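Presented below is the structure to which this report refers.
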Amino acid sequence: MVFGDYFRFATKHIGVSPKSILEVGSGLGHMALELARNGHFVTGIELSSESVKVAETFASKNTHKANFGSLNYINSDFFKLAIRKSI
916 MVFGDYFRFA
926 TKHIGVSPKS
936 ILEVGSGLGH
946 MALELARNGH
956 FVTGIELSSE
966 SVKVAETFAS
976 KNTHKANFGS
986 LNYINSDFFK
996 LAIRKSI
């Protein structure tokens, strides 16, 4: 039930949909997908290209379309992007 605990914690603090959410270190995309299923506009950024491929494949099989927000994955290093944007 660890994922369920994390998800409940996140949604409690995010508040009512829809919100724009950036998940840094989105991994296999489980949290990002669930947030999008709850109406949020989610971007997941992940360093591992293999994880992004798995997340995109998993998301493409999503059958929960009602109230779906949006979901986008970026394969990149967040810290390099953050430094580049601040210069």
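The sequence shown begins at 916 in this note's numbering and counts up one residue at a time.
The beta-carbon is built from N, C-alpha and C at its ideal position, and this holds for glycine as well.
Remember, predicted model here, so these are calculated numbers, not experimental data.
Within a 10 Å sphere around the beta-carbon of Ile960 sit 16 or more other beta-carbons, which makes this residue buried.
Following the DSSP letters along the chain, one finds Thr958 in no alpha helix (DSSP H) but inside the beta strand (DSSP E) bounded by residues 956-961.
Per the coordinates, the alpha-carbon of Met946 lies some 25 Å from the alpha-carbon of Ile998.
Following the DSSP letters along the chain, one finds Val917 inside the alpha helix (DSSP H) bounded by residues 917-929. For Ser991, the three-state secondary structure derived from DSSP is coil. Taking Ser964 as reference, the option from Gly919, Asp920, Asp992, Pro933 with the minimal CA-CA separation is Asp992.
With a 10 Å radius around the Cβ and a threshold of 16 neighbouring Cβ atoms, Gly919 comes out exposed.
Out of Ser966, Lys995, Asn953, the CA that lies nearest to the CA of Lys980 is found in Asn953.
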